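Position in the sequence shown (from 1) plus 46 gives the number in my numbering.
Heads up, the beta-carbon is just placed ideally off N, CA and C, and yes, glycines get one too.
Just so you know, these numbers come straight off a predicted model, no measurement behind them.
To keep things clear, I will list the structure first and then write my remarks on it.
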Amino acid sequence: MKALFDKVYSGIKLTRDDLIEMLSLEGEENLKALFERAYRIKKEEVGGKAYFRGIIELSNVCEKDCYYCGIRKSNTQVRRFLMGEDEIIETAQWVYEQNYGSLVLQAGEMRSPKFTEMIERVLKAIRQRTDDKLRVTLSLGEQDEETYARWLAAGAHRYLLRIETSNTQLYKRLHPEDHDIDIRLESLDALRRTGYQVGTGVMIGLPYQTVEDLADDILFFKQRDIDMIGMGPYIPHHDTPLPDLVEGVFDYDPERQLNLGLKMIAATRIFLRDVNIAATTALQALHAKGREMGLEAGANVIMPNATSTQYRESYQLYDGKPCLDENSGQCRGCLQHRVEYIGETIGFDEWGDSPHFVKRMATSG
Ligand code: SF4
C-alpha cells in the first residue's frame, strides 16, 4: 500500500497492477488518501470548478434491448415519449439562460433518416437562438459516420457513447446477440475521425465484472485517447432481465457500488489526469451526497436535469433515480448549493471543454 501511494505521489508512471491495487483499496483511511490525491490532481490539471451540462432527455424510444436498461425496447411497462422540436429548442434556450454554458441532448437509440433530420433541425435552431454560445453534447447512440458529420456541422461539439465495459465477453453477457461491441468501437472511431470531443464510459460493479476488468476499462480510455468520461455504478432496474439472470451469483450491495464508483473516478483521474469526468446521477441514487462525493473523488462535471418533470418518470434507466419530481429550476438551485457547500465554484457561462481535448487539438496541427 505504501509503495502504491509513494508512486502515486511521486508521479511515476502507473501500471495495470497499480490500478488494480487502487481499485481494491478498502478502509476509510486508505480511501480518504486516494480521494484526496485524486482531488489534488484534478485541481492541478482541470481546476477547482464544476462545470454544468444541462441535460435534456428528449426521448425514451430505443431500438436496443440491453439487459440492464429500464427503457430497453422490450420493456412494455414504460410510457414512450418523444419531445416536440419546439419543446426541445425552448428547453435548450432555458439551459442557455441559466448560464450553464453546455447542453446535453440524450435519448434512446434511434436510427432513421427522420430522426437524423429532426436532430439536425434542432441543432441548427439551438445554434441560432443561442448565438452559437452553447456547447452541445449528443448522447444518441450508434449512428453512421455521415449522421455524426451532419450533426457536427449543424452545431454539436461533443459526443458521449458509453461502451459499458471493455471486456468483450462481459459485453456479450449483458446484451442480446445482435448487439455488437465491434460496432460500438467503430462508432467511437467514427466520432473521433469526424472531429468531436469524444466521451465514453462504463458501468461499475456489474455482475461478473472484476477489478481487473475495471483497470482494463481505464487502460481502454487511455489507449483510445478519450476526452471525457461518463461512468456510474450499476443499479438494477426491476423491469429488466439482468437481475433474474444473475440471481444467486450476484449480491447487489449499494455501499459497495458507491465505493467502487468513487474509486473508479479517483483512479481514472490519477491515471488520465486532464480529462473531464462526470459525477453522474447514479451516485446520488446510492447516497444523498453521491454527486458531491464524486466531485471530491476527482470528477469535475455535473449534469443538472433540464427535462420537464412530466417525462422524468418515463426515463428511468435504473431504479431509484433521484430528482424525478424536482423541476429544472429546483435542480439548478439544489446542485448549485451542493457544489458550493464543498467549497467549489461553478463555471457559469463557461464551456469547460476537456483540457485533454484542447491539448489534442493544439498538437494535431
Ligand atoms: S442502454 Fe442505451 S441503447 Fe441500451 S436499451 Fe438503454 S437506452 Fe437503449
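Taking 7 Å as the cut-off, does the CB of G276 come closer than this to any heavy atom belonging to the ligand SF4?
no
How far does the alpha helix (DSSP H) with R173 in it reach, from first residue to last?
159-175
Please go through the same chain and pick out, in chain order, the residues whose beta-carbon is closer than 8 Å to the beta-carbon of Q382, but skip the five residues on each side of it.
I392
Output needed for N121: all residues of its chain with C-beta closer than 6 Å, excluding positions within five of it in sequence on either side, in chain order.
D285
What separation, rounded to the nearest whole angstrom, lies between the Cα atoms of Y146 and L329?
21 Å
With a threshold of 8 Å, are at least 3 pairs of Cβ atoms found where one atom belongs to the stretch 283-303 and the other to the stretch 345-356?
Inter-segment contact for the stretch 283-303 and the stretch 345-356 is absent: fewer than three beta-carbon pairs are separated by less than 8 Å.
Could you please give me the residues that DSSP links to T246 through a beta bridge?
I275
Should M310 and M339 be called a contact, given that it needs their Cβ atoms to be closer than 8 Å?
no
If I measure Cβ to Cβ from G247 and keep anything under 6 Å in the same chain, skipping five residues before and after, which residues do I get?
R208, I275, G276, M277
With a 10 Å radius around its C-beta and 16 neighbouring C-beta atoms as the bar for buried, classify I229 as buried or exposed.
exposed
Report yes if the CB atom of T11 is closer than 8 Å to the CB atom of Y361, and no otherwise.
Coverage of the chain is limited to positions 47 through 411, which leaves residue 11 absent and any answer about it impossible.
Near R196, what residues of its chain come up, given a Cβ to Cβ distance below 8 Å and the 5 sequence neighbours on each side ignored?
T162, E166
Residues in the same chain with beta-carbon distance under 6 Å from R173, minus the five sequence neighbours each way, listed in chain order, please.
By the criterion of a C-beta distance shorter than 6 Å, R173 is surrounded in its chain by G201, once the five residues flanking it on both sides are discounted.
Considering Cα atoms alone, identify which of L220, L184, K405 is closest to D111.
L220
May I ask you to check if the CB of E133 is nearer than 7 Å to at least one heavy atom of the ligand SF4?
Placement of the Cβ of E133 at a distance of 7 Å or more from every heavy atom of the ligand SF4 is found.
Apply the 10 Å Cβ neighbour rule to D177 and answer buried if 16 or more other Cβ atoms are within range, or exposed otherwise.
exposed
By Cβ distance, which residues of its chain are closer than 6 Å to L180, with the 5 residues on each side in sequence left out?
Y142, L149
Examine the ligand SF4 and report whether any of its heavy atoms sits within less than 7 Å of the Cβ of K48.
no
Please confirm whether L104 and L169 have their CB atoms less than 8 Å apart.
no
Can you grab the Cα-Cα spacing for the pair D132 / Y357, in whole Å?
16 Å
Between L206 and S185, is the Cβ-Cβ spacing less than 8 Å?
yes
Which residue wins for smallest C-alpha separation from P401, given the options Y97, E258, I102?
Y97
Let me know the secondary structure DSSP gives I58 once reduced to three states.
coil
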